[in-house]
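Residue numbers for the sequence shown follow UniProt numbering, so the first one is 1 and each next one is one higher.
Every residue gets a Cβ at the ideal spot worked out from N, C-alpha and C, and that includes glycine.
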Amino acid sequence: DLSWHPLLYFLGHLVASRARTISTLINGIDLTFTPFYFLVEPLDVLAVRGGSVIMNCSAQCETPPRIEWRKDGSFLNLVSDDRRQLLPDGSLLINSVVHSKHNKPDEGYYQCVATVDSLGTIVSRTAKLTVAGLPRFTSQPEPTSVHRGGSAVLGCEVSAELAPLLRWERDRQALAPEPRLLQLPGGALLLSNASDTDTGLYRCALDSPGGPKYSEEAELKVLPDAEEPQKLVLLKPPSSLSRLPGQSALFPCVAAGFPPPLVRWTRNGEELPTDGSGRFQLLPGGVLEIRAVAEADAGTFTCIAESGNDTLEAQAELAVQVPPTFLKRPANIYAHESMDIVFECEVTGKPTPTVKWVKNGDVVIPSDYFKIVKEHNLQVLGLVKSDEGFYQCIAENDVGNAQAGAQLIILDLDVAIPTLPPTSLTSATNDHLAAAPAGPLPSAPRDVVATLVSTRFIRLTWRPPASDPHGDNLTYSIFYTKEGINRERVENTSRPGETQVMIQSLMPETVYVFRVVAQNRHGPGESSAPLKVATQPEVQLPGPAPNIRAFSSSPTSVTVTWETPLSGNGDIQNYKLYYMEKGQHTEQDVDVAGLSHTVQGLKKFTEYSFRVVAYNKHGPGVSTHDVVVRTLSDVPSAPPQNLTLEVRNSKSILLQWQPPPAGTQSGQITGYKIRYRRVARKSDVSESVAGTQLSQLIEGLERGTEYSFRVAAMTINGTGPATDWVSAETFESDLDESRVPEVPSSLHVRPLVTSIVVSWTPPENQDVVVRGYAIGYGIGSPHAQTIKVDYKQRYYTIENLDPSSHYVITLKAFNNVGEGIPLYESAVTRPHSDTSEVDLFVINAPYTPVPDPSPMMPPVGVQASILSHDTIRITWADNSLPKNQKITDARFYTVRWKTNIPANTKYKTANATTLSYLVTGLKPNTLYEFSVMVTKGRRSSTWSMTAHGTTFELVPTSPPKDVTVVSKEGKPRTIIVNWQPPSEANGKITGYIIYYSTDVNAEIHDWVIEPVVGNRLTHQIQELTLDTPYFFKIQARNSKGMGPMSEAVQFRTPKASGSAGKGNRPMDLGPDYKPPLGGSNSPHGSPTSPLDSNMLLVIIVSVGVITIVIVVIVAVFCTRRTTSHQKK
1 DLSWHPLLYF LGHLVASRAR TISTLINGID LTFTPFYFLV EPLDVLAVRG
51 GSVIMNCSAQ CETPPRIEWR KDGSFLNLVS DDRRQLLPDG SLLINSVVHS
101 KHNKPDEGYY QCVATVDSLG TIVSRTAKLT VAGLPRFTSQ PEPTSVHRGG
151 SAVLGCEVSA ELAPLLRWER DRQALAPEPR LLQLPGGALL LSNASDTDTG
201 LYRCALDSPG GPKYSEEAEL KVLPDAEEPQ KLVLLKPPSS LSRLPGQSAL
251 FPCVAAGFPP PLVRWTRNGE ELPTDGSGRF QLLPGGVLEI RAVAEADAGT
301 FTCIAESGND TLEAQAELAV QVPPTFLKRP ANIYAHESMD IVFECEVTGK
351 PTPTVKWVKN GDVVIPSDYF KIVKEHNLQV LGLVKSDEGF YQCIAENDVG
401 NAQAGAQLII LDLDVAIPTL PPTSLTSATN DHLAAAPAGP LPSAPRDVVA
451 TLVSTRFIRL TWRPPASDPH GDNLTYSIFY TKEGINRERV ENTSRPGETQ
501 VMIQSLMPET VYVFRVVAQN RHGPGESSAP LKVATQPEVQ LPGPAPNIRA
551 FSSSPTSVTV TWETPLSGNG DIQNYKLYYM EKGQHTEQDV DVAGLSHTVQ
601 GLKKFTEYSF RVVAYNKHGP GVSTHDVVVR TLSDVPSAPP QNLTLEVRNS
651 KSILLQWQPP PAGTQSGQIT GYKIRYRRVA RKSDVSESVA GTQLSQLIEG
701 LERGTEYSFR VAAMTINGTG PATDWVSAET FESDLDESRV PEVPSSLHVR
751 PLVTSIVVSW TPPENQDVVV RGYAIGYGIG SPHAQTIKVD YKQRYYTIEN
801 LDPSSHYVIT LKAFNNVGEG IPLYESAVTR PHSDTSEVDL FVINAPYTPV
851 PDPSPMMPPV GVQASILSHD TIRITWADNS LPKNQKITDA RFYTVRWKTN
901 IPANTKYKTA NATTLSYLVT GLKPNTLYEF SVMVTKGRRS STWSMTAHGT
951 TFELVPTSPP KDVTVVSKEG KPRTIIVNWQ PPSEANGKIT GYIIYYSTDV
1001 NAEIHDWVIE PVVGNRLTHQ IQELTLDTPY FFKIQARNSK GMGPMSEAVQ
1051 FRTPKASGSA GKGNRPMDLG PDYKPPLGGS NSPHGSPTSP LDSNMLLVII
1101 VSVGVITIVI VVIVAVFCTR RTTSHQKK
């Protein structure tokens, strides 16, 4: 719409008149920022096929600009184009818009480009031209009926770009505007509070240049008032919308039913006020209208329809998108060659806009000299004359784009930069810009040399010019550039008289050319001869291998694949594949020549992590991320553990067991298979139980019959090995186990020299279950030792007793309820002289299996083997086992361990069924003590002898703490850094590294480093620049490597000798503080302080004078005594 042009033209002239005031006369030269801007920029527009469309554009400058147009980034040739025409004001006219399925030459993105020769080029925002497709209905109206007073929805949908061209007719007459009739955003027609006059044939029409296109007609019938209750339904639920601020939004919620439904709305769960007084309006038919949408309106809108006892809800989201808006626009800048400048640009929008920069119409590609800093700002380093022109910041998101620009003027070196308008110079390059009076200028600085060359920084030093050999009032500018590039950068010294500078942020293995210029109050002098210096090469290691994948190819193998690193930095010599079992801390590795490898011999159904490191001639590169994969499952490789049988009654036996050891399950245990049989028969019966069930009651057995049982674990792959057969005999009859057994009917003892034979008979009442007998014995008391035997046992030999000792023995029958009443007896073992050990009772007694009578002895030979920083393997031997140390019964071992720091640490324990145990989760570099106990049934041994082990060291896992920086008194360019060791040193600290830099955001390899030995907690750094903020970090190391860095601590050096540093305040060192021996460890070096030398001289002279005085006094006294004796 060109009707806005007069207003915009007036605003443009107003801006131009203001811009013309931004001019400055310097040395008779008029330096002016030329007003050059757009009066009108193109906007997004919708065109129809065959129609015409205008893309508006108009630019303002003192010299009339040349207007050109780009489409999709390419310039349009309008000279020979019959359909496209450039209007006098710069707008683009397109006639007879072409648009078909395979030919869309007009649809796309357009940009207006304005150029003034010898001044520069600016570009407009990008505008989208959308061509409406062929008129086509995606849905048609359908016949509908509605009760009088109800609501109806007639559907008619077209593509989004054609929706504004849609209208409705009734009986082929245009519908008159009426509050009861509302066209919804998709094109559907909502009719509310229906009346008889609404009856008719409805159709929707789509206007186009070739004439309107009509949908099919649909009849709407209005029925009499409803009398019977009707089910509540939603005819048109709300749909999610996206709107710009200031637009309107419609959420339909059309409900039908009887009684007539009531509709209310909530936003984010809170009731919306729709009384008509605000921006939220409830229109007829339950439609919610939001006027002038704001960002705060975004959220979830819920419509609630209620009719009688029925309630229906529907939700829709409102997203509010905001086109890009400039919070800070780029400002015009004056500058000199070799300076660094920054164009600032701050934008906001939703979604967050992306930003690109354009110089004279061409996109700025980031490079070594054009950098994007602080998110959106453009930094230009080492200006040259060709950098002059117009720079534009272009912001874009999903809902729009915008541009803002500024002009850069580069002045001659003899022209001072004006103070107005404000410039955007970097702080490092604006110290030499003030105009200076005429006078003698300095000659060239002498002996420019590079005293320190690293990969990314170089330190230069020089002598003052011959014209001013003291050079106390001179400042220096250091110009430098890459060899072969004519774009110089400049770095200035920080204080007068300083003859050294550190040039940072250089590229490795690159030749730079440096020259130094001295400046006095009259201006810059002669330049030194160029100095070429090459930075050190940086070891180029491979990057991470991309797309690492791992998959299990069998229960014991995993195949890992990867691709060649994108940044190989040379030929890849080989790869190293690292893998580790989950829960372990020791990696294994294998060398691989190709891009895949299959690792064999892994544990079944076990998680492993894999990573790959590429090697080139310089060494290992960056590791990939870890990928975790679990090997496939298989049948278990070991039987269940600790199978026990318990006879419940005459017809059932309870089986209990534990799963196979964790490393042998080979998968998820899905169940257990139980096989059992009568001992006298070979055929067996099987049962299966679920995987989580560790017991099973076998019922329906025969009375007084011995059965054998075995159990095997199952996975989805099959059944594993079974346990050995275990037997038990059912009772002859069902006995009572609701109470404890009665007292045994008799107890007899027969003492020998070192043993006592105990025999007994069962309780007289045979109706109570007896599951075993408990024998207690001891010298003078039966409570010293207890042994439990099977219910079939009738005698037992107590061995390893003392001769000629009085023992008290007790016998109790027990069952699952508890122990019965004890029966007591006493005996005195025979003396050693009595050798009649033959016991006819034992010889003639029928054979009965006797369990091991010896008390449990503690494990022996406990050893602690250190495996890693947090894992120790404990091994031991059990003298109560056979020589092959094979465990055939249900005994288990308990391992306990603790550390003595702090002293009140409690023991931790774990159980094991083998003769070793892996203790994990320990602290690095910590001494632990371990002991083991064995338990069999209800008997346990005492704890074994203690074994000790210290875990390996680990790299420090916390940084040095309490880092403070203070200035050294009398030496403002020297600071003292103090710290405390890391809280988690994980080993002996062997050294520290101090990093410091003036740029906290610099890469860590650009920081200066100072190494310090591990027993020091303070260090001096000398030769720092005055009145400069420094940042310090400290990193500790032990034998395993470097720990994390501390947070950066800022400290500003003093301005002069008498001022204190700012930032980190001096800490109270206390009366016991002693300065480090040998002075500073700084590589800069420093002569002895003059103050220290004077103090030493005063002390020496004072001691000498006092010594002479004492000698004189002694001599006079001795002389007087000698004279007195001679007189006598």
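Determine the burial state of residue i: buried for a count of at least 16 other Cβ atoms within 10 Å of its Cβ, exposed for fewer.
i: P65; result: buried
i: S80; result: exposed
i: Y796; result: buried
i: H1005; result: exposed
i: E1023; result: exposed
i: K886; result: exposed
i: H597; result: buried
i: P1071; result: Legend: pLDDT at P1071 = 37, less than 50; position of this residue unreliable, no value from coordinates given.
i: L43; result: exposed
i: Y1030; result: buried
i: F137; result: buried
i: K604; result: buried
i: R463; result: exposed
i: E837; result: Here the model assigns E837 a pLDDT of 46, short of 50, so the residue's position is not dependable and the matter cannot be decided.
Quick check on residue i: does DSSP put it in helix, strand or coil?
i: S1102; result: helix
i: T493; result: coil
i: L190; result: strand
i: L129; result: strand
i: C204; result: strand
i: R938; result: coil
i: D525; result: For clarity, residue 525 is Gly in the given sequence; the question names Asp instead. Three-state DSSP puts G525 in a strand.
i: L915; result: coil
i: A296; result: helix
i: V1116; result: helix
i: E68; result: strand
i: P1011; result: strand
i: I1108; result: helix
i: E219; result: strand
i: L165; result: helix
i: D999; result: coil
i: I866; result: strand
i: I572; result: coil
i: I1004; result: helix
i: D736; result: strand
i: D591; result: strand
i: D196; result: helix
Assuming residue i and residue j form a contact by the criterion Cβ under 8 Å, report the distance between their Cβ atoms to the nearest whole angstrom.
i: V320; j: R243; result: 6 Å
i: V131; j: H99; result: 4 Å
i: G299; j: R267; result: 5 Å
i: residue 1202; j: L166; result: Summary: the structure shown does not reach residue 1202, with the chain confined to residues 1 through 1128, and so no result is reported for it.
i: L327; j: E346; result: 4 Å
i: T32; j: C61; result: The pair is not a contact, with the Cβ atoms about 12 Å apart (cut-off 8 Å).
i: I394; j: H336; result: Incorrect: roughly 28 Å between the Cβ atoms, too far for contact.
i: A827; j: V743; result: No, A827 and V743 are not in contact; Cβ-Cβ is about 19 Å, not under 8 Å.
Notebook entry, point to check: Can we say the stretch 466-474 touches the stretch 448-457, given the rule of at least three CB pairs closer than 8 Å?
Noted result: no
Checklist line | Ordered list of beta strand (DSSP E) runs contained in the UniProt domain "Ig-like" (324-409), each at least 3 residues | finding: 333-336, 341-343, 346-350, 354-359, 370-373, 377-380 and 389-397
Notebook entry, point to check: Between the stretch 256-274 and the stretch 212-230, are three or more C-beta pairs nearer than 8 Å?
Noted result: yes
Notebook entry, point to check: Do the stretch 751-771 and the stretch 698-716 meet, that is, are 3 or more Cβ pairs less than 8 Å apart?
Noted result: no
Note to self: Using a Cβ distance threshold of 8 Å, determine whether the stretch 291-310 contacts the stretch 371-379, with at least three qualifying pairs required.
What the structure shows: no
Item checked: Length-filtered (3 minimum) beta strand (DSSP E) runs lying within the UniProt domain "Fibronectin type-III" (639-733) -> 641-647, 653-658, 671-678, 685-690, 695-698, 706-715, 718-722 and 726-729
Check: Considering only residues of the UniProt domain "Ig-like" (229-319), which uninterrupted beta strand (DSSP E) runs meet the minimum length of 3 residues and lie entirely inside it, listed in chain order?
Finding: 230-236, 241-243, 249-251, 254-258, 262-267, 280-283, 287-290 and 299-307
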